[in-house]
Amino acid sequence: MTDALPYRMYLLAHDDSARGPYDRRRTGFLVRAAVLVELALRGHLVPGADGAVRPAAEAAPTGDPVLDEVLREAAGRPHGWRKLVRRHRERTLRAVEDRLAALGSVTVEERGGPFARRRVTVPDPAAVRTLTARAAAVLHATGPAAEVDAADAALVVLSAAGHLPSVAPRRDARVHRARIDALTGRLGAVAPGLEKAVRGLRTTMIAAQGGMGGS
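So in my numbering, the last spot in the sequence shown is 221, and the numbers never skip.
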C-alpha cells in the first residue's frame, strides 16, 4: 500500500460489511480532498493571487496515476480549492480503488445488472486496523496540534468531516471539536484557501445531497 493520503483515506472509510466505502458519496468527497491535500503538501498545487489553484511551475509528475490526473485537471481551466474538491469525485474514487487493486491492497469485483456496483474487499484487515489506530491516536492525543504531522492531521480532519465511523463518529467529533479545529489549522500553513475548503467540507457534502454538489 502506498502512504499517499487518498489511499489511506479510502482504507479508513472502507466498511467490511458493506464491501466498500461506508458511504460512497461522502467517501468521494473525502478521497478527492485527500488528493488535493497530498498535492499541496508536496508543493505541486499552489494558489495564485486570483485564488485559482494551479500546478507549481517547477512541479514534475509525481509518478502516481491518481495524483497526476488531478494535476492535469488543475492545469486546465483554473478553479479554487472548494471547486476542485467537488469536481470528478466519483472518477477519482474509482481511480483510487483501481490503484489500490493494482497494488494488491484491495480486490475489486464489478457487479452487473440493473443495480450495478463495485464490491471491494481488503485482503489485509490488520493494515486497516493499524491505520485506524494511528488516526484515532492523533484525535485523542493531548499534545500540541502543531507537532502533529500535517498528513496525519489532514486524515483526522477529513475523517471528522465525514463522521467516519472507524475514526470520528458524530459523538467523537462533537467531544473533540477543539482538537479537530486545531488540527484543521495545520492546513493553513500549507494554503489558507485549502484550510477554508476543508472547514466547509461538511456543508459541501450536505449541499451535494440536495443536488447542489457539482459534477
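Every residue, glycine too, gets a C-beta built ideally from N, C-alpha and C.
- Distance from the CA atom of Ala-107 to the CA atom of Gly-26, rounded to whole angstroms, is 13 Å.
- In the structure shown, Glu-64 falls within a coil segment according to DSSP collapsed to helix, strand and coil.
- In the structure shown, the three-state DSSP call for Asp-21 is strand.
- When Leu-17, Ala-39, Val-144 and Ala-10 are compared, the shortest CA-CA separation from Thr-210 is found for Ala-39.
- In this structure the region 165–182 does not lie against the region 64–71, because fewer than three pairs of beta carbons, one per stretch, are closer than 8 Å.
- When C-alpha distances from Ala-10 are compared across Ala-143, Leu-45, Ala-24 and Asp-56, the shortest belongs to Leu-45.
- The three-state secondary structure of Val-52, taken from DSSP, is strand.
- Counting only runs of 3+ residues, the beta strand (DSSP E) found wholly inside the region 105–178 occupies 113–117 and 123–127, in chain order.
- Around the beta carbon of Ile-186, 16 or more other beta carbons sit within 10 angstroms, so the residue counts as buried.
- Residue pairing from DSSP places Pro-27 in a beta bridge opposite His-20.
- Take Gly-199, set aside five residues on each side of it, and the residues of its chain with a beta-carbon closer than 6 Å to its own are Pro-53 and Trp-87, in chain order.
- Comparing alpha carbon positions, the residue from Tyr-13, Thr-8, Asp-22 and Arg-31 closest to His-169 is Arg-31.
- Beta-carbon to beta-carbon, Leu-42 and Leu-90 are separated by about 6 Å, close enough to satisfy the 8 Å threshold.
- CA-CA distance, Ser-172 to Thr-138, rounds to 7 Å.
- DSSP places Val-196 in the coil class of the three-state scheme, outside both helix and strand.
- It is roughly 24 Å from the alpha-carbon of Gly-206 to the alpha-carbon of Ala-143.
- Where Thr-209 is concerned, the enclosing alpha helix (DSSP H) starts and stops at 207–215.
- Annotation: the continuous alpha helix (DSSP H) that includes Ala-80 extends over 71–81.
- Here Val-59 is bridged, per DSSP, to Pro-53 and His-85.
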